[in-house]
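Trainee:
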Amino acid sequence: MILLGTFNNPRAVQGAADYFKTQGVPVRLRSDDGTQVEVWVPNEFKAKASLLWQEFLANPDHDRYLAASWQSGEAKSPLSYASNDLNLVQRFMSLHWFLKLIFILCMGVFVSFYLFDANTIFSHLQFKAHDPGSWFTPVLLHFGALHLVFNLSWWLHLGNQIVSRSGAIYIYMLFVLSALVSNWAQFIMVDSRFGGLSGVVYALLGYAWVFGAKNPSQPAIVSKGVVGFMLLWMIFGFTDMFFISMANWAHLFGLLTGMVVALLQPSKQISDTGI
């Protein structure tokens, strides 16, 4: 099973699930809180389900979904609440391979700091203007557990939403462009002593923010409250009031990169999660 997407209206999603079934696509719905519903489909139906899901997101109130519910005549809701058969490991394994790859690389580098000489590892991965490969590797460096958990949590959450909505090509694009731009910005404005996935995370945030503004009929990828918090965190970082070293310029230019990508994206982008 793969996670097709999430929606915050259980009744509407149930109608969509009934319609999917009339189109020959089996669906499993799951909710942990009774509000936000996850839509799961078998791997072999991924391509067809993705197209149907985009149709639903574009117009969740279409009569076809209500008609499908009446046609099904099922009294039992397909919603399946929190259970053990869709645990964290299964959720992780259902993510796009690129999201998992970056997660594993970041975890591996972090653990290696404690197994080998940290200075040697840092010197190999830190930004070097003369080495194009090092323009990207600083995103794998994290200098504390909180830093790592914060970045990877947002990377998986926002990344999965973007893959579901816009297709894998956009997560590749956002990662490459934001890593390149944010790392160069931090190097030019400060120096090469930095690391972390934060610039990329802020790019995902910027993309999600603008994507939501351009597609108001679709459920927001990220709430306005989260956007506000992240923007305040970035602003406070520039003030040095937290007395911790933060790659503030990487955050800012990552955010701007993600916003530009979303602005340039065609309004009716069809998701292709199979790349």
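Quick note: the sequence shown, position 219, residue 219 per full-length UniProt numbering, numbers continuous.
Idealized CB from N, CA, C, for every residue including glycine.
Below 8 Å, how does it come out for the stretch 19 to 26 and the stretch 39 to 59: are there three or more Cβ pairs, yes or no?
Mentor: Yes, the stretch 19 to 26 is in contact with the stretch 39 to 59.
Trainee: Which first and last residues belong to the alpha helix (DSSP H) in which E44 is found?
Mentor: That residue, E44, is in no alpha helix (DSSP H); it is neither H nor E in DSSP.
Trainee: Between which two residues does the beta strand (DSSP E) harbouring G228 extend?
Mentor: Segment K224 to T239 is the alpha helix (DSSP H) holding G228; no beta strand (DSSP E) there.
Trainee: Quick check on the DSSP output: the beta strand (DSSP E) that includes S31 runs from which residue to which?
Mentor: Note, S31: beta strand (DSSP E), R28 to S31.
Trainee: Output yes or no for whether 9 Å exceeds the beta carbon distance between Q265 and Y202.
Mentor: No, they are not a contact pair.
Trainee: Over the uninterrupted alpha helix (DSSP H) stretch that includes T22, give me the two end residues.
Mentor: Residues P10 to T22.
Trainee: Between L263 and the rest of its own chain, which residues show a CB-CB distance below 7 Å, the 5 nearest in sequence each way excluded?
Mentor: V210, listed in sequence order.
Trainee: Using the Cα positions of F253 and S198, report the straight-line distance between them to the nearest angstrom.
Mentor: Distance between the alpha carbons of F253 and S198 is about 11 Å.
Trainee: Note the first and the last residue of the continuous alpha helix (DSSP H) segment covering L3.
Mentor: First-last for L3: I2 to F7, but that is the beta strand (DSSP E), not the alpha helix (DSSP H).
Trainee: Would DSSP call A25 helix, strand or coil?
Mentor: Before going further, note that residue 25 is Val rather than Ala in the sequence given. In this structure, V25 counts as coil in the three-state DSSP scheme.
Trainee: For E38, which residues does DSSP report across the bridge?
Mentor: According to DSSP, E38 bridges with T6 and R30.
Trainee: Assuming contact is defined by CB atoms lying nearer than 9 Å, are V163 and L105 in contact in what I supplied?
Mentor: No, Cβ-Cβ distance for V163 and L105 is not below 9 Å.
Trainee: For G144, collect the residues of the same chain with a Cβ closer than 6 Å to its Cβ; drop the 5 residues on either side in sequence, then sort them by chain order.
Mentor: Counting only Cβ-Cβ distances below 6 Å, and skipping sequence neighbours, we find nothing.
Trainee: Where do the N-terminal and C-terminal ends of the alpha helix (DSSP H) with S198 fall, by residue?
Mentor: It spans S198 to K214 - the alpha helix (DSSP H) in which S198 sits, taken as one unbroken run.
Trainee: If we count Cβ pairs, one from each stretch, closer than 8 Å, do we get three or more for the stretch 58 to 70 versus the stretch 137 to 151?
Mentor: Too few Cβ pairs lie closer than 8 Å, so no.
Trainee: State the start and end residues of the unbroken alpha helix (DSSP H) segment that holds E135.
Mentor: The sequence shown places Trp at residue 135, not Glu. Neither: W135 is in no alpha helix (DSSP H) and is coded neither H nor E.
Trainee: Are the beta-carbon atoms of A185 and W135 separated by less than 9 Å?
Mentor: No; because the gap between Cβ atoms is not below 9 Å, this pair is not in contact.
Trainee: From F258 to P60, what distance separates their C-alpha atoms?
Mentor: The displayed chain sequence assigns Gly, not Phe, to residue 258. When rounded, the distance between both Cα atoms is 27 Å.
Trainee: Can you grab the Cα-Cα spacing for the pair P78 / V260, in whole Å?
Mentor: Legend: pLDDT at P78 = 49, less than 50; position of this residue unreliable, value from coordinates given subsequently. Near 39 Å, if we compare the C-alpha coordinates of V260 and P78.
Trainee: Closest by CA to A58, which one among F110, M1 and A12?
Mentor: Ranking the options by Cα distance to A58, first place goes to A12.
Trainee: Taking all protein chains shown into account, decide if S123 is buried (16 or more other Cβ within 10 angstroms of its Cβ) or exposed.
Mentor: It is exposed - the Cβ of S123 has fewer than 16 other Cβ atoms within 10 Å.
Trainee: Would you tell me roughly how many angstroms separate the C-alpha atoms of W154 and H251, rounded to the nearest one?
Mentor: Going from the Cα of W154 to the Cα of H251 covers about 14 Å.
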